[in-house]
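**Q** With the working numbering applied, the sequence shown corresponds to residues 10 to 207, in that order. Before we start, here is the structure in question, set down as structure tokens.
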Amino acid sequence: MPWAWTEQLTIGGTILVDVKPTTHAGNLALLHRYPDRLEGRFLDRWAAFMTMRHHGDTPPAAITAPQDDRPRTRTTAAPPSPWWDHRVVWLLARFHGLPTDVAVGMQLDPQTRQPTAATMSTPDGSTATIDLAPIDGRHRVTETGPTSLWDPVEHAHQAWLDHDRPDWPRLGLTITPHHQWLWIDEPHGPHQWSGVSI
């Protein structure tokens, strides 16, 4: 978030910000203006502003064929579609290396037209397919391409479990002129992430 926006807000004022560092990853945060920072928590329930089109935006890069497209298969305990079902995990995945240009979707059964797998892809040709039906409590993940798209989700899911499954009210955001970070419970506590443009 540009600091110039903060400078337009009087000290003591509040601003409602749609924090989405990647598709579906985030929520609205109510931030309060202090002399040296904006700070506040995410709303209790997920919400978003309507996405705007930008006429000057660069069109998405074409998907390129990966050099090594052999499938890599394993299982996971992470939820198969966090962008819809576990949005806090999905936001944390961005702070664990999830690419910003990831596209998500569902694979449908051709007969029933019901979802059978969640899908992820990026312009570099990387893909992840996560079966929705678990086997012994785990979901099968199949990845191709140069970038592991599911690793950041698994790391985020583990962080979420390690921090007692925080929901939106426990998450907050601090923005200063030179630094932005996401935190759990306390702005200067031990559980914080930075390095991602918000």
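Each residue gets a CB set at the ideal place from its N, CA and C atoms; glycine is no exception.
Provide the residue span of the alpha helix (DSSP H) that contains Pro185, from first to last.
**A** Inspection of the sequence shows that residue 185 is occupied by Thr rather than by Pro. No alpha helix (DSSP H) holds Thr185; DSSP gives it neither H nor E.
**Q** Cβ atoms of Gly134 and Gly154: under 8 Å apart, would you say?
**A** Against a cut-off of 8 Å, the Cβ pair of Gly134 and Gly154 comes out as a contact.
**Q** Spatial neighbours of Leu100 within its chain, please: CB distance less than 6 Å, with the 5 preceding and 5 following residues excluded, ordered by chain position.
**A** Within the same chain, Leu100 has close Cβ partners Ala34, Gly35.
**Q** In or out: Pro199 buried (at least 16 other Cβ within 10 Å) or exposed?
**A** Exposed, since its Cβ has fewer than 16 Cβ neighbours within 10 Å.
**Q** Whole angstroms is fine: what's the gap from His64's alpha carbon to Ala142's?
**A** Interpretation of His64 is limited by its pLDDT of 46, a score under 50 that renders its predicted location unreliable; the figure taken from the coordinates is listed afterwards. In a straight line, the C-alpha of His64 is about 41 Å away from that of Ala142.
**Q** Tell me the DSSP bridge mates of Asp140?
**A** Its beta-bridge partners are Ala126.
**Q** Give the straight-line distance between the Cα atoms of Pro211 and Ala137, rounded to the nearest whole angstrom.
**A** As shown, the chain starts at 10 and ends at 207. That puts residue 211 outside it, with no answer to give.
**Q** Taking all protein chains shown into account, do 16 or more other C-beta atoms lie within 10 angstroms of the C-beta of Gly152, making it buried, or fewer, making it exposed?
**A** Inspection of the sequence shows that residue 152 is occupied by Glu rather than by Gly. Flag for Glu152 reads buried.
**Q** Measuring CA to CA, which of Asp194, Glu195, Leu182 is closest to Ser203?
**A** Measuring from the Cα of Ser203, the nearest candidate turns out to be Leu182.
**Q** Grab the span of the alpha helix (DSSP H) containing Asp171 for me, first residue to last.
**A** Here the alpha helix (DSSP H) through Asp171 covers 160-171.
**Q** Can you tell which of Arg46, Met129, Arg54 has the C-alpha that lies nearest to the C-alpha of Val162?
**A** Of the candidates Arg46, Met129, Arg54, the one whose C-alpha sits nearest the C-alpha of Val162 is Met129.
**Q** Which stretch, first to last residue, makes up the beta strand (DSSP E) that contains Pro30?
**A** First-last of the beta strand (DSSP E) with Pro30: 23-31.
**Q** In this structure, does DSSP put Glu16 in helix, strand or coil?
**A** Three-state result, Glu16: helix.
**Q** Taking the alpha-carbon positions, what's the Arg149 to Pro178 distance?
**A** Taking the straight line joining both Cα atoms gives about 32 Å.
**Q** Comparing C-alpha positions only, which one of Arg122, Glu48, Ile139 sits nearest to Trp92?
**A** With distances taken between Cα atoms, Trp92 lies closest to Ile139.
**Q** Spatial neighbours of Ala56 within its chain, please: CB distance less than 6 Å, with the 5 preceding and 5 following residues excluded, ordered by chain position.
**A** Excluding sequence neighbours, Ala56 sits near Leu37.
**Q** Under 8 Å between the Cβ atoms of Arg147 and Thr85?
**A** Yes, these two residues count as a Cβ contact at 8 Å.
**Q** How should Thr82 be labelled, buried or exposed, when 16 other C-beta atoms within 10 angstroms of its C-beta is the threshold for buried?
**A** Exposed.
**Q** Helix, strand or coil for Leu100, going by three-state DSSP, please let me know.
**A** Three-state DSSP puts Leu100 in a helix.
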